[in-house]
Amino acid sequence: MSDRSAANPGGIDRTGSLPPTDLDSPVPPAGERLGSRQSDGIYLALALLATLSAVQLDSSAWRPYSLGPLARSAILTSVALPAVLRILRPGRWVIAMALLLTVVPTAVAFHANLTDSTKVQWTRTHDGGVIATRAAARAVMDGHNPYTVDYTRDLPPWWRTLGVNDRPSLNPLVRHYPYLPGAFLVQVPFMALSDVAGLSWDPRYIALGLLLVTAAHFAFRPEAPWARASAILTLGSAFTVAFATWGRNDAIPSTLFILACLYASRRPRLAALMIGVAVSFKFLFLIALPPLAWWVAENHGRRALRRWWPAPAFLAATCIPFALASPGAFIEDAILFNFGLTDMVYPASGIGLPVIAPGIFQGPVLAAATVVCEALALTLPLVIARRAGRLTVVPVAAAVGLWFLVLPSRTFQHDYLGFLVVLASTLWLYLDHPDPDPDRPIPADGSVPV
């Protein structure tokens, strides 16, 4: 191996051309064998550490959707198993196995929830993800403003009150619809078709479809089979199966953001529309846009950002009519409620800083921690995206930003981990490092971008 090749194990020289390879020799150079053994050791240590961490998690007090069992399963399938796959480097058959391990449990859980065959009553339908969104779509179809509708009659009795720490309180959802209009407007065409066919539409079908589409995109990526299979397994972790099938809509914006990243070069307008819908379901996803915007500007030029006009256009077209029809109700439900600034709020619960350590994170300390976390949420995703340079790391950077954004929240529930894990699934694609980067546009002269 020449000095240039030894200094550039990725296979691209400074001129941007690919060096010739010795296809007749099945034995890689000694330097590459040494690097492979070293990386295998790192992944073996990662697999062992993840397994030990999963075993240590307390899952004795099991109840539906409890954190311990879900985290244990997610760590094993999203970290430990992918690390083992990286060491073994199996063939393409592992992609089919990963699809089966993801699709089958998801389909079974979807069927159980859709047919009310679950054993626990309150797990059959979810308030925000299913009942309220469907009721809001029905309201607009009947000519009513979903932001002024009372949802008390739509919620079953067991969801009209919330019992947290043995202190029941009225579910704020009876008066507030906390999502932007796009979240229920995208349901309207499907509900209209279902009415014509005499069927019942369920918003969870959108989540199921997007999960399947994202898994299919991962399966046909150019990365190595182990990386694609690992991304699929992470996408379909226990958090996704449990909460997406229950009705949490977090998988919808997460998968839409990943798909938008994958379409950023080929179909930016479609990608922008996906961004608009994602923000409608979870407006916190605005924090995920800076690293994606940086990648587009860096690889396509700043003028290319103009082609992303469908994102703000969709948000404006869907929000302005309801904001003009009832400004107070729209601002209260879609904005103030999400910041805990309304009279009715969700009780403090979950895994946020002021809940897990209330004796420390309160008053000025909580305020300072919030400022620090928000600053990290704004800066870290850009730093990660710039240093990594690849599009497959942008969703991972978005997950980091969202983590710090919700960490100081008094209502940071562990089901939020679902959309963070989905976004982090592309990390395994990034770690494979294919050359050239398949997501980066090829210059007109045909040279390989470095």
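Heads up: the sequence shown begins at 14 in the working numbering, then just goes up one per residue.
Glycine included, C-beta positions come from ideal geometry on N, C-alpha and C.
Treat the numbers as computed from the prediction; the structure is a model and nothing was measured.
| query | result |
| --- | --- |
| What is the DSSP secondary structure of threonine 355, counted as helix, strand or coil? | coil |
| Distance, Cα to Cα, leucine 433 vs valine 396? | 18 Å |
| Using the Cα positions of proline 118 and serine 91, report the straight-line distance between them to the nearest angstrom. | 15 Å |
| What does a CB cutoff of less than 8 Å around asparagine 158 pick up in its chain, not counting 5 residues either side in sequence? | Ala152, Phe335, Ala338, Ser339, Ala342 |
| Pull up the CB-CB distance for tyrosine 56 and arginine 105, whole angstroms please, since I reckon it's below 8 Å. | No, tyrosine 56 and arginine 105 are not in contact; Cβ-Cβ is about 20 Å, not under 8 Å. |
| Around the Cβ of histidine 446, are there at least 16 other Cβ atoms within 10 angstroms (buried) or fewer (exposed)? | exposed |
| Please list, in chain order, all residues of the same chain as leucine 36 whose beta carbon is under 6 Å from its beta carbon, the five residues on each side excluded. | Its pLDDT being 37, under 50, leucine 36 is placed unreliably by the model, and nothing is read from it. |
| Expressed to the nearest angstrom, what Euclidean distance is found between the alpha-carbon atoms of arginine 261 and histidine 139? | 7 Å |
| I'd like the list of long-range same chain contacts for proline 266, defined as Cβ closer than 6 Å, with 5 residues on each side in sequence excluded. | Ala291, Phe294, Lys295, Phe298 |
| Look up threonine 174 in the DSSP assignment and say whether it is helix, strand or coil. | strand |
| In the structure shown, what three-state DSSP assignment does serine 66 receive? | helix |
| Can you list, in chain order, the residues of its chain whose CB lies under 6 Å from that of isoleucine 288, leaving out five sequence neighbours each side? | Ala273, Ala324 |
| Excluding the 5 residues flanking leucine 275 on each side, which residues of the same chain have their C-beta closer than 7 Å to its C-beta? | His230 |
| At the level of alpha carbons, what is the spacing between alanine 347 and leucine 248? | 28 Å |
| By alpha-carbon positions, which one of Ala390, Tyr429, Gln375, Ala437 ends up nearest to threonine 405? | Ala437 |
| According to DSSP, is leucine 168 helix, strand or coil? | coil |
| Using a Cβ-Cβ cut-off of 7 Å (strictly less than) and excluding sequence neighbours within five positions of glycine 363, which residues of its own chain qualify? | Thr424, Phe425, Gln426, His427 |
| CB-CB under 7 Å to valine 187, same chain, minus the five flanking residues each way: which ones, in chain order? | Asp163, Tyr164, Thr165, Leu168, Arg173 |
| Do proline 394 and isoleucine 300 come within 9 Å of each other at the CB atom, strictly closer than that value? | yes |
| Can you tell which of Gly54, Val309, Val97, Gln51 has the C-alpha that lies nearest to the C-alpha of threonine 64? | Val97 |
| Is the Cβ-Cβ distance between arginine 217 and leucine 127 less than 9 Å? | yes |
| Out of Ala205, Ala255, Leu379, state which residue places its alpha-carbon closest to the alpha-carbon of leucine 430. | Ala255 |
| For proline 82, which of helix, strand or coil comes out of DSSP? | helix |
| Given a cut-off of 9 Å, decide if proline 281 and alanine 329 are closer than it, judged by their beta-carbon atoms. | no |
| Taking the continuous alpha helix (DSSP H) assigned at tyrosine 443, which residues delimit it? | 440-445 |
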